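Chains as they are written, first to last, in my numbering: chain A, 1 to 323; chain B, 1 to 323.
Structure representation (C-alpha cells):
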C-alpha cells in the first residue's frame with residue numbers, strides 16, 4: 001500500500017474520484033457528438049447507442065482526469081458502469097485506467113471479483129498481467145494498481161490476488177462493511193462465538209495481509225468500509241491496525257467528512273475516501289449548464305465543476321482528518 | 001427458470017459444460033496456429049500472447065460447443081478465464097456466449113457480480129442489455145441467459161438483477177455454499193440465533209425469488225451449492241423448495257453423481273450440475289493426443305473427448321438422479 005500512501009501524502013489529499021459514468025451523468029450533447037464517429041464501427045445498428053455512450057464515457061472520464069490529476073492521488077473506475085455497455089464499455093474501462101495511469105494516478109479498479117482458488121487465480125491477472133511464453137515481457141491489459149475483491153469464498157479465493165499483488169507491487173481491497181442499506185442483512189449477523197459477521201471478515205482481512213506489511217505499516221490487503229457506518233468504522237480502525245481502508249459512501253450516499261474521520265489513524269493516514277457522483281456529477285448542480293451549450297463547453301463545465309468539488313472534498317477531509 | 005428446466009427435460013440431461021479455458025487446457029498447436037493471424041491486429045508486441053490465446057480460446061470453445069450442443073442443455077463460461085487475457089479475452093467471452101446461444105444452448109454466465117444497488121443495476125444490464133434512447137430496439141451485448149451473483153451486500157444488491165431477469169425472461173444464481181475448501185471460513189460460521197451463515201443466505205435467496213416462481217415451481221433466483229457438500233446440499237434442497245440449484249465441483253473438484261443426487265427433487269428436477277475441466281480437458285487424459293498432431297486434429301480430439309466425457313456425465317447423472 002506504500003505507493004498509494006505516498007501519493008496521498010504528496011497531494012495531502014486522502015480522497016479518490018470514482019469514475020462511475022452513467023447516461024444521466026454525461027451531458028447529452030457530448031453523447032450526441034459521437035453519433036457519426038460510431039456508426040461506421042459497429043456490427044449492427046442496435047449496437048450504436050452502446051458504442052456511442054462508451055466513447056462519450058471515455059471523453060467524459062478524460063476531461064475529469066485532466067481536471068483533477070494534480071490534486072487527487074487516485075481514481076476508482078467502477079467496472080459495472082462499463083460492463084453495462086458490453087464489450088464496448090469494457091474497452092473504455094481499460095482505456096480509462098490506462099489514461100489515468102499515464103497521468104500518474106493510482107488506479108483502483110472497483111471490480112469486486114471473487115471466486116474459488118483456481119478461478120481467483122485467473123482474475124488475479126487483473127494485477128499480474130499476461131506473461132509471454134518465454135516468461136519475458138508482461139502485457140498489462142487492465143492498467144489497475146489495485147482491485148476490490150469479495151470475501152464470501154474465504155482464504156483460497158483471496159490468496160491468488162495477494163500473491164499477484166506482491167509480485168506486481170500492487171494492492172487489493174476486500175469488502176468488509178459496505179455502505180448500502182441492506183449490507184446489514186448478512187454483514188451484521190451476530191455470531192454464536194461473539195461478534196458479527198463483518199468483524200469476523202475484518203479479522204480474516206487483517207490476517208490475509210500480515211505477510212505484506214509495507215514501510216508505512218499497512219499491508220497490501222485493504223478493506224472496504226462504508227462511510228455510512230462511522231461508529232463501526234472507528235472500531236474497525238482499532239481492530240485492523242495494518243489494514244488500509246477504502247471508504248465509499250461519501251457525498252451522494254450520505255457520508256460526511258466527520259463520519260469518516262474515525263477511520264483514519266492518529267497520523268491522519270490509514271484510509272482513502274471515495275466520492276463518485278458528488279464529483280463527476282457536480283456539473284448538474286452548478287446552475288451553469290444549459291442544453292444549448294456545445295459539447296466542448298459542456299465537457300469544460302464537467303471538468304471545472306469536478307475540480308471544484310474535488311478541491312472542496314479535499315479541503316473538508318483535511319480539516320476533519322489532518323488534526 | 002422454466003427455459004432452463006425445459007431444456008434439461010428435452011435433453012434428459014441435468015448437466016452444464018463449464019467453458020473455462022486456460023492455456024494448459026488448449027492444445028499448444030492450436031494456440032500456435034493463430035500466431036500470424038493475430039500479429040497484425042494488436043497495438044503492441046506485448047499484446048500478442050494474450051490476443052493469440054484469446055482467439056485460441058474461441059476456436060476451442062466452438063469445437064466443444066459443436067460437439068456437445070445436441071446432448072447438453074447449457075454451457076457456463078467462467079468470465080475470469082477471459083478477463084485474465086484483458087479486453088481480447090472479454091471479447092471472446094461475449095463471442096462464446098453468442099455462439100452457444102445461436103446453437104440453442106442456455107448460456108449461464110459465471111460472473112459472480114455483486115455490489116450496492118445503483119452499481120448492481122449497472123451490472124444487471126448483463127441480462128437486460130442496452131435499450132436505445134427511444135426505448136425501442138434492445139442491444140444484447142453479453143448473450144447470457146443467466147448470471148451468477150454474490151450475496152454479501154444483501155437484498156439491495158440483488159433486486160436489480162431479479163428485476164432485469166423478470167423483464168428479460170432470464171435467471172440468476174446466488175452463491176450460497178461454494179465448493180472450495182475455505183468456503184467454510186465464512187459460510188459455515190454459527191449464528192447466535194441458530195443456524196449457519198450459508199443457511200441464512202439460503203433463506204434470503206429463497207425469499208428473493210418468491211415473486212418469480214415459474215410453471216415448474218422454481219423461481220428465477222437459483223442458488224450455487226457445491227457438489228463437495230452432499231449432506232448440506234440435501235438439507236438445502238428441503239430448505240429451499242422453490243430454488244433451483246447450480247452445482248459446481250463435480251469431477252475435477254471431487255464431487256460424484258452420488259454426491260449430487262440429494263440436491264435434486266423427488267421428480268429428478270431442481271438442479272443442474274457443472275463440470276468444466278472434466279469435459280473440456282478430457283483430451284489430456286485420453287492417451288490419444290500427440291504433439292505432432294495438426295491443430296485441426298488436436299481440436300477434433302478435444303471435441304471427441306469432450307463429447308464422450310459429457311455423455312459419461314449425463315449417463316452417470318441419469319442413473320443417480322432419474323430414479
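Just so it is clear, CB atoms sit at the ideal spot from N, CA and C, and this is done for glycine as well.
This one's a predicted model, so the numbers in the text were calculated from it and none came from an experiment.
Taking a Cβ-Cβ threshold of 8 Å, none of the residues of chain A is close to residue 229(B); the smallest such distance is about 13 Å. Its chain contains 162, 172, 174, 205, 208, 209, 212, 243 as the residues whose beta carbon lies nearer than 7 Å to that of residue 221(A), once the 5 sequence neighbours on both sides are disregarded; these appear in chain order. Here residue 308(B) carries a helix assignment [DSSP, helix/strand/coil].
Cβ atoms of residue 179(A) and residue 78(A) stay farther apart than 8 Å, at about 13 Å. Contact check between the stretch 102-115 of chain B and the stretch 46-58 of chain B: fewer than three CB pairs, one atom from each, fall below 8 Å, which does not count as touching. Residues of chain A with a Cβ closer than 8 Å to the Cβ of residue 155(B) are, in chain order, 182, 185.
The criterion of a C-beta distance shorter than 8 Å is not satisfied by residue 81(B) and residue 132(B). In the DSSP annotation of this structure, the continuous segment of the beta strand (DSSP E) that includes residue 15(A) starts and ends at 15-19. Under the three-state reduction of DSSP, residue 46(A) is assigned to helix. Under the three-state reduction of DSSP output, residue 225(A) falls in the strand class. Between residue 116(A) and chain B, the shortest Cβ-Cβ separation is below 8 Å.
Within the stretch 31-64 of chain A, the residues whose Cβ lies closer than 7 Å to some Cβ of chain B are 46, 47, 49, 50, listed in chain order. In this structure residue 238(A) is exposed. Its beta-carbon is surrounded by fewer than 16 other beta-carbon atoms within 10 angstroms. In this model, residue 258(A) and residue 320(A) are separated by some 6 Å (Cα to Cα). Non-local beta-carbon contacts of residue 116(B) in its own chain, meaning distances under 8 Å to residues more than five positions away in sequence, involve 153, 156, 157 in chain order.
Residue burial is scored here from C-beta neighbours: residue 140(A) has at least 16 other C-beta atoms within 10 angstroms and is therefore classed as buried. With a contact defined as Cβ atoms closer than 8 Å, residue 227(B) and residue 255(B) qualify at about 3 Å. The contact set of residue 15(B) on chain A, defined by CB atoms closer than 7 Å, is empty, because the minimum CB distance reaches about 19 Å. Interface criterion met: the Cβ of residue 178(B) is under 8 Å from a Cβ in chain A.
Counting C-beta atoms within 10 angstroms of its own C-beta, residue 39(B) has fewer than 16 neighbours from the protein chains shown and is therefore classed as exposed. Cβ-Cβ distances below 6 Å link residue 298(B) to 27, 29, 30 in the same chain, with the five nearest sequence neighbours on each side left out; the list follows chain order. For residue 77(A), the enclosing beta strand (DSSP E) begins and ends at 74-77.
Nearest C-alpha to residue 15(B) among 168(B), 85(B), 246(B): 246(B). The C-alpha of residue 114(A) is placed about 26 Å away from the C-alpha of residue 194(A). Scanning its chain for C-beta atoms nearer than 6 Å, with the 5 sequence neighbours on each side dropped, one finds around residue 129(A) the residues 138, 139, 140, in chain order.
The Cβ atoms of residue 42(B) and residue 87(A) do not sit closer than 8 Å to each other.
DSSP assignment within the stretch 128-161 of chain B yields no whole alpha helix (DSSP H) run of 4 residues or more. Residue contact check for residue 84(A) against chain B: a CB pair falls below 8 Å. As computed with DSSP, residue 107(A) is found in a beta bridge with 75(A).
What residue 11(A) touches in chain B, judged by beta-carbon distance under 8 Å, is nothing: the nearest beta carbon there is about 26 Å away. In this structure, the alpha-carbon of residue 214(A) lies about 11 Å from that of residue 169(A).
If you compare the alpha carbons of 312(B), 22(B), 300(B), 317(B) with that of residue 65(B), the shortest gap goes to 300(B). Burial is judged here by how many other beta carbons sit within 10 angstroms of a residue's own beta carbon; residue 322(A) has fewer than 16 and is exposed. The beta-bridge partner set that DSSP reports for residue 254(A) is empty. For a cut-off of 8 Å, the C-beta gap from residue 218(B) to residue 270(B) is around 7 Å, short enough to register as a contact.
Where residue 169(B) is concerned, there is no enclosing beta strand (DSSP E), because DSSP gives it neither an H nor an E.
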